[in-house]
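Take this note's numbering: the last position of the sequence shown gets the number 771, and nothing is skipped along the way. Working notes, beginning with the structure itself.
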Amino acid sequence: MKTVIELIEKQLSGAFEACGYEASYGRVTISNRPDLCEYQCNGAMAAAKAYKKAPIMIAEDVAASLEGNSMFEEITAVKPGFINIRVAGAFISDYIAKMAADEKLGCEVSEKPETIVIDYGGPNVAKPLHVGHLRSAIIGESLKRMFRFLGNTVIGDAHLGDWGLQMGLIIEEVKERQPNLCYFDESYTGEYPKEAPFTIGELEEIYPCASAKSKADPDFAKKAHDATVKLQQGNRGYTALWNHILEVSVADLKKNYKNLNVEFDLWKKESDAQPYIPDMVQMLKDKGLAYVSEGALVVDVKEDTDKKEIPPCLIMKSDGASLYQTTDLATIVERERLFHPDRIIYVVDKRQEMHFTQVFRVARKAKLVPDETKLQFLGFGTMNGKDGKPFKTREGGVMRLERLIGEIDQAVYEKMKENRSGSEEETREIAKTVGLAAIKYGDLSNQASKDYIFDVDRFCSFEGNTGPYILYMIVRIKSILKKYEEAGNSVEGASILPPTGKGEKDLMLILSRFHDTIEQAAEELAPHKICGYIYNVADAFSSFYHETNILAEPDKEKQSGYIALIRLVRHVLETCIDLLGFEAPDRM
Ligand code: ARG
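As structure tokens, this is what we get:
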């Protein structure tokens with residue numbers, strides 16, 4: 184379906200042409216003075232220069248030629264040359280009625296659907312998920328849903344970190360604690376045990392312990408490094424142990440992501456790129472891109488236009504150990520081979536920007552993907568506490584994701600408990616749904632690249648620009664619709680009527696902008712645009728609701744028009760929150 188702007192533009196362009204001017208002056212935007220008009224066209228100002236005429240004269244000509252056009256309620260030329268537009272009520276109600284009848288609410292699927300790999304989540308094996316991973320999961324999940332809604336083929340990949348030094352650290356620490364395990368016996372040729380020699384709880388204690396030890400003890404650090412190289416080179420015992428680490432932590436990660444309503448299509452790992460590394464490195468050498476510098480293999484990536492220094496990209500250390508850059512490059516090779524994507528989007532902390540600049544440049548120079556394949560880095564900001572510093576527990580430790588979610592759920596529960604009518608169990612269940620909305624909306628309503636303050640009280644509030652407020656509006660609509668049906672009416676037959684009040688028309692105008700919003704949000708990788716939009720929808724609904732007594736309306740036809748309208752509000756809000764990755768309960 185064409186957007187309202189496109190439809191108005193068509194009329195305006197036609198009018199400019201009919202008056203003897205070029206059609207392209209008929210560009211229309213949403214009014215920046217909603218008190219004066221709904222849409223505006225500033226084309227007469229630009230045309231004035233080209234045609235050497237007073238802009239107001241052009242605007243008057245164009246406006247006059249649209250007199251009587253049924254799309255407009257009012258179209259006027261105002262000084263110095265604006266064309267102010269109000270659309271006709273019947274036009275806008277017709278438009279949203281068509282939206283309501285369409286499964287995708289009038290959103291067209293992309294003309295050229297793309298295959299898109301989204302690399303998000305990025306958890307590290309054997310390290311507990313912490314709030315830093317939260318943003319990647321939340322933003323990436325939303326992008327995945329947006330692009331999929333628009334008809335693209337989207338592959339969400341968790342890209343587990345399982346190939347770096349942390350693995351060597353764990354292996355070495357396990358070795359110190361249980362040196363007699365068969366994994367460390369080089370002469371062992373039998374089968375390795377099926378059971379892992381540790382639980383997830385133990386594993387999570389082993390990593391920080393080993394990491395601290397490596398900082399204090401250079402000897403241990405060296406051993407961990409050597410263990411990493413040995414693992415990367417395929418040592419049998421280490422590989423078996425590493426498989427246990429993977430198994431135990433992936434099971435735990437899956438549980439955690441499920442609680443976040445985050446779902447990956449692929450659970451690929453850094454290590455999956457290992458088979459592609461030798462050939463890729465050889466190719467980099469053959470093409471004359473990679474050379475040895477201070478013992479390590481590097482590729483120059485600086486460009487003349489750089490404003491800051493971009494150091495060479497390290498490809499391999501002198502002992503043959505591959506690095507984060509190496510696995511990321513080889514993963515591009517792998518993705519190209521498996522999916523031939525039109526683009527790859529990385530949703531990663533913006534502090535990793537340099538890493539991705541280097542990786543993308545090597546990928547381009549070496550032509551790991553065709554020139555037209557887009558490589559996009561969506562770097563997100565830090566989630567801070569109220570003190571403006573990276574979010575911590577009250578005791579100052581790293582906040583685990585599970586604990587953070589628990590605290591939010593509890594805060595929502597406390598609020599709901601005061602006037603709850605359902606059972607304890609039900610209230611807890613609803614608090615979880617609302618809590619997730621609080622977290623996700625709190626995050627997504629900020630521009631991704633910005634740091635933001637994670638404020639439990641504000642995010643959980645049922646008023647203001649929050650997830651719970653949006654849910655509250657949906658719940659309110661659900662309850663009106665239910666009462667309407669309980670009174671013996673059917674919501675199915677209701678159809679949208681032209682607006683009779685200002686609040687009603689404003690609500691319709693906002694609803695009609697769904698399509699533009701979703702496309703723009705996808706284009707700019709900006710879920711916060713959807714948040715801004717639904718906040719406006721919720722507010723417009725709230726105003727309409729306060730000026731209209733829907734259930735007590737005596738005129739049955741009018742009432743059924745209202746019902747059809749709020750059904751559409753519900754459909755739009757529910758579609759949007761689904762794109763953001765959360766859902767609404769039936770009551771709260
Ligand atoms: N595991 C990494 C980390 O925790 C993030 C991975 C992001 N994705 C990538 N392809 N490098 O920092």
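Using N, Cα and C, we set each Cβ at its ideal position, and we do this for glycine too.
Identity of the residue in the options nearest residue i by Cα
i, options, result
"residue 408", "292, 736, 355", "355"
"residue 389", "351, 372, 401", "351"
"residue 435", "497, 585, 314", "585"
"residue 423", "475, 553, 364, 506", "364"
"residue 535", "708, 562, 450, 720", "562"
"residue 229", "545, 266, 546, 378", "266"
"residue 340", "448, 606, 574", "448"
"residue 195", "553, 203, 237, 245", "245"
"residue 766", "358, 461, 653", "653"
"residue 643", "632, 616, 759", "616"
"residue 744", "473, 482, 667", "667"
"residue 289", "698, 484, 738", "698"
"residue 590", "421, 576, 603", "576"
"residue 335", "308, 312, 625, 297", "297"
"residue 754", "253, 286, 259, 263", "286"
"residue 542", "443, 716, 510, 361", "510"
"residue 202", "240, 519, 216, 682", "240"
"residue 371", "418, 569, 256, 386", "418"
"residue 440", "675, 738, 321, 208", "321"
"residue 427", "465, 477, 233, 345", "345"
"residue 156", "432, 531, 748, 494", "The chain is shown from 184 up to 771; residue 156 falls before or after that span and cannot be answered."
"residue 505", "412, 740, 451, 720", "412"
"residue 330", "272, 528, 318", "528"
"residue 712", "514, 626, 403", "626"
Min CB distance residue i to chain B below 9 Å
i, result
"residue 386", "Here there is only one protein chain, and chain B is not present."
Reduced DSSP category for residue i - H, G, I as helix; E, B as strand; rest coil
i, result
"residue 218", "coil"
"residue 419", "helix"
"residue 635", "strand"
"residue 363", "coil"
"residue 352", "helix"
"residue 583", "strand"
"residue 339", "strand"
"residue 617", "helix"
"residue 532", "strand"
"residue 606", "coil"
"residue 551", "coil"
"residue 184", "coil"
"residue 771", "coil"
"residue 167", "Residue 167 is absent from the structure shown; the chain starts at 184 and stops at 771."
"residue 799", "A query on residue 799 cannot be resolved here, the shown segment of the chain reaching from 184 to 771 and no further."
"residue 544", "helix"
"residue 719", "helix"
"residue 696", "coil"
"residue 744", "helix"
"residue 332", "helix"
"residue 765", "coil"
"residue 238", "helix"
"residue 245", "helix"
"residue 644", "coil"
"residue 205", "coil"
"residue 375", "coil"
"residue 701", "helix"
"residue 735", "coil"
According to DSSP, residues forming a beta bridge with residue i
i, result
"residue 573", "567"
"residue 754", "Residue 754 pairs with nothing; no bridge assigned."
"residue 557", "526"
"residue 223", "212, 267"
"residue 344", "307"
"residue 562", "531"
Residue i: CB within 8 Å of a non-hydrogen atom of ligand 3
i, result
"residue 270", "In the structure shown, ligand 3 is absent; the only ligands present are ligand 1."
> Which runs of the alpha helix (DSSP H), 4 residues or longer, sit entirely within the stretch 436-520?
Replying inline: 460-469
>> Please enumerate, following chain order, all residues with a beta carbon closer than 7 Å to at least one heavy atom belonging to ligand 1.
In response: 302, 305, 306, 307, 316, 342, 344, 507, 511, 514, 529, 531, 532, 535
> Quick one: complete beta strand (DSSP E) runs, 3+ long, within the stretch 251-323?
Replying inline: 255-261, 265-270, 298-302
>> Restricting to runs no shorter than 3 residues, where is the beta strand (DSSP E) found entirely within the stretch 378-429?
In response: none
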